[in-house]
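Working notes, structure below.
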Amino acid sequence: MTKITIQIKILSSLAHKQVAKSKEIKISKTRSQIIKGLSSLLTLGVNERTKVKTYARLTQSFKEIHTIETDRGSLKFRVDSPGSVPQDPTSERGEPETFEWIRTNLKDGDILWDIGANIGVFSLYAALEKKNKVLSLEPSAESYATLNANIRLNGLDEYIQALCFAGSKETNLLDLFMKDTSAGASHNSIGSGSNQFGEFEVNGFQSVIAIKLDDLYELKGVPSPNHMKLDVDGKELEILEGATHLLSKIDSLLVEIEGNNLKENLIKIENIISLAGLSEEISWRDKGSG
Numbered sequence: 005m006t007k008i009t010i011q012i013k014i015l016s017s018l019a020h021k022q023v024a025k026s027k028e029i030k031i032s033k034t035r036s037q038i039i040k041g042l043s044s045l046l047t048l049g050v051n052e053r054t055k056v057k058t059y060a061r062l063t064q065s066f067k068e069i070h071t072i073e074t075d076r077g078s079l080k081f082r083v084d085s086p087g088s089v090p091q092d093p094t095s096e097r098g099e100p101e102t103f104e105w106i107r108t109n110l111k112d113g114d115i116l117w118d119i120g121a122n123i124g125v126f127s128l129y130a131a132l133e134k135k136n137k138v139l140s141l142e143p144s145a146e147s148y149a150t151l152n153a154n155i156r157l158n159g160l161d162e163y164i165q166a167l168c169f170a171g172s173k174e175t176n177l178l179d180l181f182m183k184d185t186s187a188g189a190s191h192n193s194i195g196s197g198s199n200q201f202g203e204f205e206v207n208g209f210q211s212v213i214a215i216k217l218d219d220l221y222e223l224k225g226v227p228s229p230n231h232m233k234l235d236v237d238g239k240e241l242e243i244l245e246g247a248t249h250l251l252s253k254i255d256s257l258l259v260e261i262e263g264n265n266l267k268e269n270l271i272k273i274e275n276i277i278s279l280a281g282l283s284e285e286i287s288w289r290d291k292g293s294g
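Mapping of the sequence shown onto our numbering: position 248 corresponds to residue 252, and the numbering continues sequentially without gaps.
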């Protein structure tokens, strides 16, 4: 039977880990300020253009390639910001259940649509053995640039197609409201300054094509998916409303639901997927981490 797995995050465990994370960030910022101060001393007395070029070269030299180990092999990531450093796949924040879903559902030759790909952790993992192809959608230009760099780093150019699009109920040109503009950031939102946890301080805007997934499915050259992962910070209902035809064609769907989205939209989401002929695998409820 065709099935849907609904991933619901347990927010209490996420909140519990924020204290330790904030300490790490504070130490990291302090070290960064020290290095910046030293570089200022090194450029005393030089003209402004030379100083800026020196900083640019330092920035480039400090840019790291980070590697994580998975059961399928190593994955490399270009570090463009603190948020672009991926979590360890075995840690709770690394979403081990998403790795599990990919591992258990994708068969050789299957195609995955990764909606909300960010820097590409799960797209890369799905394609790593070069037995599956992936279509990745990521609306943030910064995260999209890092996603493409990571695809090239891992030699997966022929297996992953990445588009700087957002999913939507209707095909449109919209603004991406950005809580954090850096690569790897999450909890931004299409069309408004609120996400699944409520309103947030907007620190930037970006125009983006928001496409109805049923329209994307009909485009010539776009691979038809067997599976879809949907993680879009509260816009899951709108995207599913624009994917009713697509949903009837796929074998499985992993959708992340949390915060206000869980309280307000779960029943509507269940109805959409039920009408598409999909049935939920209840054992996947409350598997969420991240």
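Yeah, the Cβ is synthetic: ideal placement off N, Cα and C, and Gly gets one too.
Nearest-angstrom beta carbon gap, S172 and K216 [assumed within contact, 8 angstroms]: As a first step, residue 216 is located in the sequence shown; it is residue number 212 there, counting from the start. As a first step, residue 172 is located in the sequence shown; it is residue number 168 there, counting from the start. Right, the Cβ-Cβ distance comes to about 6 angstroms (below 8 angstroms), so this counts as a contact.
K27 versus N207 - alpha carbon distance: What you label residue 27 is simply residue 23 of the sequence shown in a count that begins at 1. What you label residue 207 is simply residue 203 of the sequence shown in a count that begins at 1. Note that K27 scores 48 on pLDDT, short of 50, meaning its location in the model is unreliable and no value can be drawn from it.
Span separating the alpha-carbon of L151 from that of L157: Here residue 151 refers to the residue found at position 147 when the sequence shown is read from its first residue. Here residue 157 refers to the residue found at position 153 when the sequence shown is read from its first residue. Each residue's Cα considered, the two are about 10 angstroms apart.
Assigned secondary structure, Q37 (DSSP; H/G/I helix, E/B strand, else coil): Against the sequence shown, residue 37 aligns to sequence position 33. Q37 falls in the helix class under three-state DSSP.
Which listed residue (D161, G195, G159, S186) has its alpha carbon closest to that of A170: Taking the first residue of the sequence shown as 1, we reach residue 170 at position 166. Closest by alpha carbon: G195.
Local conformation of K291 per DSSP, three classes: For the purposes of this step, residue 291 is taken as the residue at position 287 of the sequence shown. In this structure, K291 counts as coil in the three-state DSSP scheme.
Per DSSP, the bridge partner or partners of K216: Here residue 216 is taken as the residue at index 212 of the sequence shown, counted from 1. S172, per the DSSP bridge assignment.
Ordered list of beta strand (DSSP E) runs contained in the region 184-252, each at least 3 residues: 208-216, 231-234
7 angstroms CB neighbourhood of L110 in its chain, flanking five on each side removed: Indexing the sequence shown from 1 puts residue 110 at position 106. Same-chain partners within the cutoff: L116, A130, N136, H231.
Pairwise C-alpha distance: N51 and E99: In the sequence shown, residue 99 corresponds to position 95, counting from 1. In the sequence shown, residue 51 corresponds to position 47, counting from 1. Each residue's alpha carbon lies about 48 angstroms from the other.
Neighbourhood of N199 by C-beta distance below 7 angstroms, restricted to the same chain and skipping five residues each side: If you number the sequence shown from 1, residue 199 lands on position 195. Counting only Cβ-Cβ distances below 7 angstroms, and skipping sequence neighbours, we find H191, S193, D237, G238.
Rounded C-alpha distance that separates V138 from E205: As a position in the sequence shown, residue 138 is number 134, starting the count at 1. As a position in the sequence shown, residue 205 is number 201, starting the count at 1. When rounded, the separation of the alpha-carbon atoms in V138 and E205 is 33 angstroms.
Alpha-carbon spacing of I123 relative to E245, whole angstroms: In the sequence shown, counting from the first residue as 1, residue 123 sits at position 119. In the sequence shown, counting from the first residue as 1, residue 245 sits at position 241. Rounded to the nearest angstrom, the two C-alpha atoms are 25 angstroms apart.
S78 - partner residues in DSSP beta bridges: Here residue 78 refers to the residue found at position 74 of the sequence shown. In the DSSP assignment, S78 is bridged to E73.
Rounded C-alpha distance that separates Y148 from F209: Within the sequence shown, residue 148 is the residue found at index 144, counting from 1. Within the sequence shown, residue 209 is the residue found at index 205, counting from 1. About 15 angstroms.
Endpoints, alpha helix (DSSP H) assigned at Q106: The residue labelled residue 106 in the question sits at position 102 within the sequence shown. Residue identity differs from the one stated: residue 106 is Ile in this sequence, not Gln. First-last of the alpha helix (DSSP H) with I106: 100-109.
Burial state of K25 (16 or more Cβ within 10 Å): Within the sequence shown, numbered from 1, the residue matching residue 25 stands at position 21. Unreliable placement is indicated for K25, whose pLDDT of 46 sits below 50; the coordinate value is still reported in the next sentence. Counting Cβ neighbours within 10 Å, K25 comes out exposed, since fewer than 16 surround it.
Limits of the beta strand (DSSP E) - the one that A166 falls within: Mapped onto the sequence shown, residue 166 falls at position 162. Taken as a continuous stretch (DSSP letters only), the beta strand (DSSP E) holding A166 covers 164-167.
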